[in-house]
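To start, the structure under review is shown below, and the notes come after it.
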Amino acid sequence: MPFVKNVVKGNFYKDSLQLMQISEEAKKIAGVRDAAVVMGTSTNKELLERLGLLTKEGRDAREEDMVLAVMVEDEGQLDPAISRLEELLTRPAQAKARAYYNLDEALSAMPDANLAVVSVPGEHAKEIVKKLLDRGVHVHLFSDHVPHEDEAYLKKYASERGLFVLGPGAGTSIIGGKAIAFANVVNRGDIGIVAGAGTGLQEVSVLISRAGGGISEGLGIGGGDLKDYVGGIMALDGIRALEADPMTSVICLVSKPPSPKTLEKVISFVEAQTRKKYVLCFLGREKYEVNERLRGRVFATKSLHLAAVRAVGLSAGERAEGMIERISMSRDRLEGLASEIASRLKPEQKYVRGLYTGGTLTYETMLIFTELLGGVYSNAPIDDSFKLKDSYTSFEHTLVDLGEEEFTAGRAHPMIDPTVRKLRLVEEAKDKTVAVVMMDVMLGYGSNRDPAGAMVGPIREAVAIAVKDGRELPILAHVCGTDLDPQPLREQEEKLAREGVILFPTNAQMAVVAALAATRGQIPKDVKDRVLKEYLGL
Amino acid sequence: MSQQAKKLFGSELKVINVGLEIFHDDLAAQSVKVIQVNFTPPPKIEKEYEDILSKLL
Numbered sequence: 052m053p054f055v056k057n058v059v060k061g062n063f064y065k066d067s068l069q070l071m072q073i074s075e076e077a078k079k080i081a082g083v084r085d086a087a088v089v090m091g092t093s094t095n096k097e098l099l100e101r102l103g104l105l106t107k108e109g110r111d112a113r114e115e116d117m118v119l120a121v122m123v124e125d126e127g128q129l130d131p132a133i134s135r136l137e138e139l140l141t142r143p144a145q146a147k148a149r150a151y152y153n154l155d156e157a158l159s160a161m162p163d164a165n166l167a168v169v170s171v172p173g174e175h176a177k178e179i180v181k182k183l184l185d186r187g188v189h190v191h192l193f194s195d196h197v198p199h200e201d202e203a204y205l206k207k208y209a210s211e212r213g214l215f216v217l218g219p220g221a222g223t224s225i226i227g228g229k230a231i232a233f234a235n236v237v238n239r240g241d242i243g244i245v246a247g248a249g250t251g252l253q254e255v256s257v258l259i260s261r262a263g264g265g266i267s268e269g270l271g272i273g274g275g276d277l278k279d280y281v282g283g284i285m286a287l288d289g290i291r292a293l294e295a296d297p298m299t300s301v302i303c304l305v306s307k308p309p310s311p312k313t314l315e316k317v318i319s320f321v322e323a324q325t326r327k328k329y330v331l332c333f334l335g336r337e338k339y340e341v342n343e344r345l346r347g348r349v350f351a352t353k354s355l356h357l358a359a360v361r362a363v364g365l366s367a368g369e370r371a372e373g374m375i376e377r378i379s380m381s382r383d384r385l386e387g388l389a390s391e392i393a394s395r396l397k398p399e400q401k402y403v404r405g406l407y408t409g410g411t412l413t414y415e416t417m418l419i420f421t422e423l424l425g426g427v428y429s430n431a432p433i434d435d436s437f438k439l440k441d442s443y444t445s446f447e448h449t450l451v452d453l454g455e456e457e458f459t460a461g462r463a464h465p466m467i468d469p470t471v472r473k474l475r476l477v478e479e480a481k482d483k484t485v486a487v488v489m490m491d492v493m494l495g496y497g498s499n500r501d502p503a504g505a506m507v508g509p510i511r512e513a514v515a516i517a518v519k520d521g522r523e524l525p526i527l528a529h530v531c532g533t534d535l536d537p538q539p540l541r542e543q544e545e546k547l548a549r550e551g552v553i554l555f556p557t558n559a560q561m562a563v564v565a566a567l568a569a570t571r572g573q574i575p576k577d578v579k580d581r582v583l584k585e586y587l588g589l
Numbered sequence: 014m015s016q017q018a019k020k021l022f023g024s025e026l027k028v029i030n031v032g033l034e035i036f037h038d039d040l041a042a043q044s045v046k047v048i049q050v051n052f053t054p055p056p057k058i059e060k061e062y063e064d065i066l067s068k069l070l
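Below, the structure written as structure tokens:
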């Protein structure tokens, strides 16, 4: 029987990425079977419990405390393991050329800085961002939990000075061809993107690049920008800047449903005050109908897949057809694949389980499932009546956004730390009613350096559980990335393909096939035809 | 395009990274000029002391 010990260090702070790295090193200490170093949030305590790493001491920890947890085979190894862990925590950080502890000093050291990337706890963001704006520096604000009034204030303040505040909660930007925070390495080209949806920007930029098109600039404005409390300040400034940018000829606006007043404002602006070509991708159940006068210049889409397809079409003209084939499967191919998967299922295998790290990709799938499957349960549902009672337990058709607060408080995002998804995949495999499991694998800077490799062990375990039970468990995945990423796409896809995972070039196509397979194609023809047309352009 | 936007799109990126070091390292890996500012949250004052202070001030 293994022995577990927790040590709690009061008021001791390190950020979640540093703690994840230390946890990984701790697992390699002699005699240690498992280990974790986390802040004492309820999310982390829940996870320690599930890993069998929580004791009474850890359970009593407060949010601002750090918990050191180790599991060993031999009781005599507990104290040496904890001592070694303490050493790892207190060793000096690897020497950087120079790290500053004071923003003024940094501004003096780089007086011509043109961008700041800010990732501090949200309540501390306003003061830092304002100082940067006063010095004429654009800001990519990664932090979340920035109060709405701070966001509105900072964006107005920035706009008056001709500056950008990208974010808050901006996971992704691509500026001058460089990936900022969680972004992919994509071709440069003439398509500019303004996105209030982080993984939305990643998916659209990746698909355009994989089709052979390219991105001029990608501005992540944060999910709140198109809500009425901000009123689209940065969306409009972003559009203005791309309208004036000589590199850009097509502009793609990507967002979850904006607030109605802000939507009207943005659409009026695009209709009356722009001249370039536009793709407006407002993910949502409602479809924005393009004004008759603008047909041919402005397109509206309901999916990320179709936003990329339309943008490539507008950019490449006659050459587009051959390019789009690189990211699109035919209707026959999609339906054939769904039938093949369905033929491997037992009658009781009826439900889809989606384990996502990307919020916008979860949302895109949820829209498709709502149309094809009716209800789909989630920890972040479109319709509150489908909210999961417990985010850790799936029910019928379920999509889990593992990037939501209950999974990330005091931990690294699941795009970096795969622990939560690894555990969840194995749990889903135990459920005999599961037809298929689907997941996104996000590549690019910021993300885990081997996200596909990290899932290989749990995939094998999940498949083995199903086989032992006399059934198959088809696993579907969409790898969002390019061969230029630090984790090249082809290598990542090959790792999954070797485990029998069925791969899709876009998330929307994976969602459609998962729904068709789980229902054995028993979806009314008019509904299926409409979804294939509106979401995939087929 | 405003002069400020030109300063971003049309120029070499020069970045101040405040917070997570991974973003510094990833920008450096892309040959972007970047400097790191480490952030430590101000120490949390215990609630009872905070209440006393707010009464005094």
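Chains as they are written, first to last, in the numbering used here: chain A, 52 to 589; chain B, 14 to 70.
Cβ coordinates follow ideal geometry from the N, Cα and C atoms, glycine included.
Residue 64(B) versus chain A: which residues are under 9 angstroms apart at the beta carbon? The premise fails here: residue 64(B) is roughly 18 angstroms from chain A at the closest Cβ pair, so nothing lies under 9 angstroms.
Compare the C-alpha of residue 466(A) against each of 508(A), 504(A), 88(A) and 434(A) and name the closest. Nearest option by C-alpha distance: 504(A).
What residues are listed by DSSP as bridge partners for residue 30(B)? BP columns for residue 30(B) point to 168(A) and 49(B).
Would you tell me roughly how many angstroms separate the C-alpha atoms of residue 361(A) and residue 428(A), rounded to the nearest one? Approximately 31 angstroms between the Cα atoms of the pair.
Going by beta carbon distance, what residues of the same chain come within less than 7 angstroms of residue 401(A), once the five residues before and after it are set aside? Here the set comprises 484, 486 and 569.
Closest Cα partner of residue 260(A) within the set 524(A), 174(A) and 377(A): Considering only alpha carbons, the answer is 377(A).
What are the boundary residues of the alpha helix (DSSP H) that includes residue 306(A)? Unbroken run through residue 306(A) is the beta strand (DSSP E), 301–306; no alpha helix (DSSP H).
Beta-carbon contacts of residue 594(A) that lie in its chain and below 6 angstroms, excluding the five residues immediately before and after: Within the shown structure, residues of chain A are numbered from 52 to 589, placing residue 594(A) beyond reach of any answer.
Under the rule that 16 or more other beta-carbon atoms within 10 Å means buried, what is residue 445(A), buried or exposed? Classification for residue 445(A): buried.
Given residue 412(A) as reference, the closest of 315(A), 530(A), 295(A) and 437(A) once Cα atoms are compared: Looking only at 315(A), 530(A), 295(A) and 437(A), the smallest Cα-Cα distance to residue 412(A) is reached by 530(A).
Secondary structure, beta strand (DSSP E): runs of 3+ residues fully inside the region 211–279 of chain A: Segments of the beta strand (DSSP E) lying fully in the region 211–279 of chain A: 223–226, 229–232, 239–246 and 266–271.
If I'm right that residue 246(A) touches residue 269(A) with Cβ under 8 angstroms, what's the distance once you round it to whole angstroms? Residue 246(A) to residue 269(A), Cβ: 7 angstroms. Contact.
Selected residue, minimal CA-CA separation from residue 456(A), among 56(A), 131(A), 66(A) and 93(A): A check of alpha carbon separations from residue 456(A) across 56(A), 131(A), 66(A) and 93(A) identifies 93(A) as the nearest.
Distance, Cα to Cα, residue 234(A) vs residue 64(B)? Spanning the two alpha carbons is a distance of roughly 44 angstroms.
Beta-bridge pairing of residue 451(A) - partner residues as DSSP gives them: In DSSP, residue 451(A) forms a bridge with 406(A).
Using a Cβ-Cβ distance under 7 angstroms, would residue 22(A) count as near chain B? As displayed, chain A neither begins before 52 nor continues past 589, which places residue 22(A) out of reach and without an answer.
So if I threshold CB-CB distances at 7 angstroms, which residues from the region 281–293 of chain A count as touching chain C? No chain C appears in this structure, whose protein chains are A and B.
Taking any Cβ of chain B, which residues in the region 165–177 of chain A have a Cβ under 7 angstroms from it, in chain order? Shown in chain order are the members of the region 165–177 of chain A whose Cβ falls below 7 angstroms from a Cβ of chain B: 165, 166, 167, 168, 169, 170, 171, 172 and 175.
Is the closest heavy atom of the ligand FAD to the C-beta of residue 588(A) under 6 angstroms? Ligands displayed in this structure: none; no statement on the ligand FAD is therefore possible.
For a cutoff of 7 angstroms on Cβ pairs, would you count residue 41(B) as touching chain A? It does not: the Cβ of residue 41(B) has no partner Cβ on chain A nearer than 7 angstroms.
Since residue 475(A) is in the beta strand (DSSP E), which residue starts that stretch and which ends it? Taken as a continuous stretch (DSSP letters only), residue 475(A) belongs to no beta strand (DSSP E), being part of the alpha helix (DSSP H) at 470–480.
Taking the DSSP output, what are the residues bridged to residue 57(A)? Looking at the DSSP assignment, residue 57(A) forms a beta bridge with 120(A).
Counting only C-beta atoms, is residue 189(A) closer than 7 angstroms to chain B at any point? So yes, residue 189(A) belongs to the interface.
With burial defined as no fewer than 16 other Cβ atoms inside 10 Å of the residue's Cβ, what is the status of residue 199(A): buried or exposed? Exposed.
Contact between the region 210–222 of chain A and the region 187–202 of chain A: three or more CB pairs below 8 angstroms? Yes, the region 210–222 of chain A is in contact with the region 187–202 of chain A.
Any Cβ of chain B within less than 7 angstroms of the Cβ of residue 591(A)? The displayed coordinates of chain A run from 52 to 589. Any statement about residue 591(A) would go beyond what the structure contains.
So which residues on chain B does residue 521(A) lean against when the C-beta distance must stay under 7 angstroms? Simply none; closest approach about 44 angstroms.
Quick check on residue 296(A) - is its C-beta less than 7 angstroms from some C-beta in chain B? Chain B contact via Cβ: present.
Given residue 161(A) as reference, the closest of 183(A), 172(A) and 175(A) once Cα atoms are compared: Taking only the C-alpha atoms, the option nearest residue 161(A) is 183(A).
Run the CB neighbour count on residue 280(A), radius 10 Å, all protein chains shown included, and call it buried at 16 or more, exposed below. Here residue 280(A) is exposed, its C-beta having fewer than 16 other C-beta atoms within 10 Å.
Would you mind stating whether residue 538(A) and residue 500(A) have Cβ atoms separated by less than 7 angstroms? Contact: yes.
Does any residue of chain B have a CB that is nearer than 7 angstroms to the CB of residue 152(A)? True, the Cβ-Cβ gap to chain B drops below 7 angstroms.
To which residues of the same chain is residue 101(A) closer than 7 angstroms at the C-beta, ignoring the five residues directly before and after it? Excluding the 5 residues flanking it on each side, residue 101(A) has same chain C-beta neighbours closer than 7 angstroms at 474, in chain order.
Determine the closest residue to residue 159(A) out of 42(B), 49(B) and 19(B), with distance taken between C-alpha atoms. Nearest to residue 159(A) by alpha-carbon distance, out of 42(B), 49(B) and 19(B), is 49(B).
Please check if any C-beta of chain B sits within less than 7 angstroms of the C-beta of residue 75(A). No Cβ of chain B is located within less than 7 angstroms of the beta carbon of residue 75(A).
Buried versus exposed, by CB contacts within 10 Å (16 or more), residue 16(B): When all chains shown are included, residue 16(B) counts as exposed.
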